[in-house]
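> For reference, each letter of the sequence shown is one residue, going 132 to 220 in the numbering used here. Think of the CB as a built atom: it goes at the ideal place given N, C-alpha and C, for glycine as much as any other residue. Have a look at the structure that comes next, please.
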Amino acid sequence: MVTAVNLVERKITNVGKLDGVTLPQEVLKHMNAKRGDRLSFQLNDDGSITLSKKASLEHLDFVDDEDFVEGLNKALNQYEDGYKELVDR
C-alpha cells in the first residue's frame with residue numbers, strides 16, 4: 132500500500148476543445164519529469180489512477196541506430212509494469 136506524503140489537488144480546466152489538468156512543478160520535480168516527457172496513466176480497478184513517467188532511452192546518444200533505440204523504447208514501455216514488479220521484489 133502506498134501512503135500519500137503530500138496531497139496536491141488540481142481543477143479540471145478547458146484546454147482547447149479538451150478537458151485537461153495541469154501538473155504543478157512540485158509534481159513534475161517529484162517524478163523527475165519535464166516538458167516533452169511521456170507520462171502513462173494506469174487505470175486501477177478501485178477507480179484510482181497511477182501516473183508515472185514513461186521510460187525512455189533518448190539519453191543513449193552514443194547509439195547511432197535510431198531503429199534500435201526506438202525498439203528498446205517500445206519494449207520498455209510495453210513491459211513497464213513487469214519491470215516495476217521486479218524492482219519492487
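1. Determine the closest residue to residue 155 out of 147, 164, 149, 207, with distance taken between C-alpha atoms.
2. Give the DSSP bridge partners of residue 180, in chain order.
3. Assuming residue 152 and residue 141 make a contact with CB atoms under 8 Å, what is their CB distance in whole Å?
4. Check whether the Cβ atoms of residue 170 and residue 183 lie closer than 8 Å to each other.
5. Which stretch, first to last residue, makes up the beta strand (DSSP E) that contains residue 149?
6. Excluding the 5 residues preceding and the 5 following residue 181 in the sequence, name in chain order all residues of the same chain whose CB lies nearer than 7 Å to its CB.
Inspection of the coordinates gives the following:
1. As a working mapping, residue 155 is identified with position 24 in the sequence shown. By alpha-carbon distance to residue 155, the top candidate from 147, 164, 149, 207 is 164.
2. The sequence position of residue 180 within the sequence shown is 49, counting from 1. Partner(s): 174.
3. Stepping through the sequence shown from its first residue, residue 152 is reached at position 21. Stepping through the sequence shown from its first residue, residue 141 is reached at position 10. Between residue 152 and residue 141 the beta-carbon gap is near 5 Å, inside 8 Å, which marks them as a contact.
4. Residue 170 sits at position 39 when you count from the first residue of the sequence shown. Residue 183 sits at position 52 when you count from the first residue of the sequence shown. The answer is yes: Cβ separation under 8 Å.
5. By 1-based counting over the sequence shown, the position of residue 149 is 18. 149-151 is the span of the beta strand (DSSP E), which, as asked, contains residue 149.
6. In the sequence shown, residue 181 corresponds to position 50, counting from 1. Once the five neighbours on either side are set aside, the close Cβ partners of residue 181 are 173, 175.
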